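Input: a single structure, listed below in structure tokens.
There are 2 protein chains.
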Amino acid sequence: MSGKLYLVGLGPGDAAHLTPAAAAAIADSGQLVGYRFYIEQVAGDVSDQVIHAMELGQELERAALAVDIAYAGHTVSVVSSGDAGIYGMAGPVFRVLTDRGWDGIAPAVETVPGVSALQSAAALLGSPLMQDFCAISLSDLLTPWEQIVRRLQAAAAGDFVAALYNPRSRRRIRHLDEARRIFLEHRPASTPVGIVRHAYRPEQAVTIADLGGLDDPALGVDMFTTVVIGNTNTYVHQGRMVTPRGYEAKQ
Amino acid sequence: MSGKLYLVGLGPGDAAHLTPAAAAAIADSGQLVGYRFYIEQVAGDVSDQVIHAMELGQELERAALAVDIAYAGHTVSVVSSGDAGIYGMAGPVFRVLTDRGWDGIAPAVETVPGVSALQSAAALLGSPLMQDFCAISLSDLLTPWEQIVRRLQAAAAGDFVAALYNPRSRRRIRHLDEARRIFLEHRPASTPVGIVRHAYRPEQAVTIADLGGLDDPALGVDMFTTVVIGNTNTYVHQGRMVTPRGYEAKQ
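In the order they appear, the protein sequences are chains P and Z.
Counting in numbering that gives the first Met the number 0, the first sequence runs from 0 upward without gaps.
Counting in numbering that gives the first Met the number 0, the second sequence runs from 0 upward without gaps.
Below, the structure is given as structure tokens:
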């Protein structure tokens, strides 16, 4: 009997942004791996299913558990907030599958995309991503900081709109200041910066600041925040952050 | 009476990936602006609603029409495939709103995020976006080609995974070859490249090639294709394109 493993993106964290495909994958699964709070918040009652709870930092262990369950012939969903393929659980699961010599067929593996944090942030801010953009995680747990700096420099020099994931944690407090310094070498201090905490959750907070003021502790940037740095054409109109699609449209 | 304007992302083009929030926005709208085919494909019967069809290149005219409708007190959805905020209709609408001196309040404007093309492509390819990535459109209709080249060079030098939108059209046939040349200056010819046409539609085609062979006309890259270029750590395992999350995990 061949098992099935779904990699499911829950979206930002409310049921209105959970796709039917993601809901169906969860309903189809006898077992779920992920954060119980997030799963119940978006998918409702899942009490008939076995939930393997996750703690932060357990990604590889949980991925291995899910792969075990699927190899044993069961159907299991590994759930991530946002999109499973963007800094989510798709990476650890495919790494485990590779290490185990997965044959590409059994267990079946299907990724169900979801609305990622950068899209939720953008939707709440206005239209900041309407030109070429990049996503950069400031977490140096798995990526050397020198590599992250190299990416920040490339993004700043290339005039990309930049969405920063994991911008600050209790342990990682100076990385965002360093990112700010790098972007200030290429963009004016007046460049709009959008700061979105807990998008589409009850604690949601949306702020538009500027690059010069991004080091203000009062902005409350933390690990639940996505920071969107505008490009040199981004402007603010009535509380919305707008990046013109065309370069002729600078306001 | 104050109108309402929704900017709705339909996702890739099947109902399974349309969020409930997007479906609700469409149902709440007496008028719709967009491509009739896409709307009916994902939202089902919308025959009670006035549909203002769009043709390619009419984005600003359609945006202006939608803003007119909302200022007249009606509720209207402007729909885009993928995510409205990523190379979608959010840009033209916010540009028109800015030009009209919109007060930020009336009409109300709400963006409903959707699954974007890069996420659909990634989900079908494996987990190519698990490290920092960027999105670059190769269309030079609104962006000078020199600016696009600058972005390609920055993305290649910064070792970003790169999702290329609008990689080729009948008129724009050499831009992808130029992108390939730029990336080859920084990455080996064996770098995996994912090519996804018509994700989640009946015509869907998923191919994994490599950077050296990206100029092969048989790959069929066109305007309905998203091209995902791996970073220097991306590998292929059993037909899946995998970018390790951690730099220690190079296979």
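Backbone N, C-alpha and C fix where the C-beta goes; we use that ideal spot for every residue, glycine too.
Just so you know, these numbers come straight off a predicted model, no measurement behind them.
- Check whether the Cβ atoms of A116 of chain P and G157 of chain Z sit closer than 8 Å, and answer yes or no. no
- Option nearest V235 of chain Z by Cα separation, candidates P:L64, P:D47, P:F93 and P:I50: P:F93
- Message: At the level of alpha carbons, what is the spacing between V108 of chain P and L96 of chain P?
- Response: 10 Å
- Task: Could you work out which residue in Z:P19, Z:L218 and Z:Y5 is closest to V66 of chain Z when comparing CA atoms only?
- Result: Z:Y5
- Message: So if DSSP puts E191 of chain Z in a beta bridge, which residue, or which two residues, is it bridged to?
- Response: The residue you asked about is not Glu; residue 191 of chain Z is Pro in the sequence shown. DSSP output for P191 of chain Z lists Z:D209 as bridge partner(s).
- Query: Taking the continuous alpha helix (DSSP H) assigned at G90 of chain P, which residues delimit it?
  - Reply: A89 to D98
- Listed in chain order, which residues of the segment 210-224 of chain Z have Cβ atoms closer than 8 Å to some Cβ of chain P? none
- Establish whether the CB of H73 of chain P and some CB of chain Z are separated by less than 8 Å. no
- Message: Can you check whether the C-beta of L9 of chain Z is within less than 8 Å of a C-beta belonging to chain P?
- Response: no
- Query: Where does V41 of chain P land, buried or exposed, given buried means 16+ other C-beta within 10 angstroms?
  - Reply: buried
- C-alpha gap between R196 of chain Z and D13 of chain P, whole angstroms: 30 Å
- Message: Give me the chain Z residues within the contact set of H236 of chain P, using Cβ-Cβ distance strictly less than 8 Å, ordered along the chain.
- Response: F93, L96, T97, W101 and G103
- Query: For T231 of chain Z and chain P, any beta-carbon pair shorter than 8 Å?
  - Reply: no
- Query: Taking Cβ positions only, does S126 of chain P come closer than 8 Å to chain Z?
  - Reply: yes
- Message: I need the straight-line Cα distance from V49 of chain P to L141 of chain P, nearest angstrom please.
- Response: 30 Å
- Message: At a CB distance below 7 Å, what residues from the segment 131-144 of chain P approach chain Z? Give them in sequence order.
- Response: D131, F132, C133, A134, I135, S136, L141, T142 and P143
- Task: Take Q250 of chain Z and list the residues in its own chain whose beta-carbon comes closer than 6 Å to its own, dropping the five residues that flank it on each side.
- Result: Because the pLDDT of Q250 of chain Z is 40, which lies under 50, any placement of that residue in the model is unreliable, and the number read from its coordinates should be weighed accordingly. Cβ within range, chain order: Y234.
- Query: Run through DSSP, which three-state label would S115 of chain P get?
  - Reply: coil
- Rounded straight-line distance, which links the Cα of L163 of chain Z to that of V227 of chain Z: 6 Å
- Does the Cβ of W101 of chain P have 16 or more other Cβ atoms within 10 Å, making it buried, or fewer, making it exposed? buried
- Determine the closest residue to D176 of chain P out of P:A52, P:Y199, P:V205 and P:D215, with distance taken between C-alpha atoms. P:D215
- Task: Show which residues of chain P have a CB atom less than 7 Å away from the CB atom of A116 of chain Z.
- Result: Correct list: empty, because the minimum Cβ distance to chain P is about 10 Å.
- Keeping to the same chain, check which residues put their C-beta closer than 6 Å to that of V205 of chain P; ignore five residues upstream and five downstream. L123 and V195
- Item | Continuous alpha helix (DSSP H) assignments of at least 4 residues falling wholly in the segment 42-93 of chain Z | 58-70
- Item | Residue-level contact to chain Z via CB, A14 of chain P, 8 Å cutoff | yes
- Any chance the segment 68-78 of chain Z sits against the segment 26-45 of chain Z, with 3 or more Cβ pairs inside 8 Å? yes
- Express the C-alpha separation of P243 of chain Z and G212 of chain P in angstroms, rounding to a whole number. 34 Å
- Message: Given a cut-off of 8 Å on the beta-carbon distance, is the pair L183 of chain Z and L210 of chain Z in contact?
- Response: yes
- Message: Give me the DSSP bridge partner(s) of E109 of chain Z.
- Response: Z:Y5
- Closer than 8 Å by beta-carbon distance: list the chain Z residues that pair up with Y20 of chain P, in chain order. Correcting the residue type first, residue 20 of chain P is Ala in the shown sequence and not Tyr. Ordered by position in chain Z, the residues that pass the 8 Å Cβ test against A20 of chain P are A15 and H16.
- If you draw a straight line from the C-alpha of M53 of chain Z to the C-alpha of V160 of chain Z, how long is it? 32 Å
- Report the residue ranges of all beta strand (DSSP E) runs contained in full by the segment 116-158 of chain P; include only those spanning at least 3 residues, in chain order. 132-136
- Item | C-alpha gap between M88 of chain P and A62 of chain P, whole angstroms | 7 Å
- What residues in its chain sit with their C-beta under 8 Å from that of L64 of chain Z, if we drop five residues either side in the sequence? V32 and H51
- Query: Would the beta-carbon of G84 of chain Z fall within 8 Å of that of P106 of chain Z?
  - Reply: no
- Query: Is V49 of chain Z close to chain P, meaning its C-beta is less than 8 Å from at least one C-beta of that chain?
  - Reply: no
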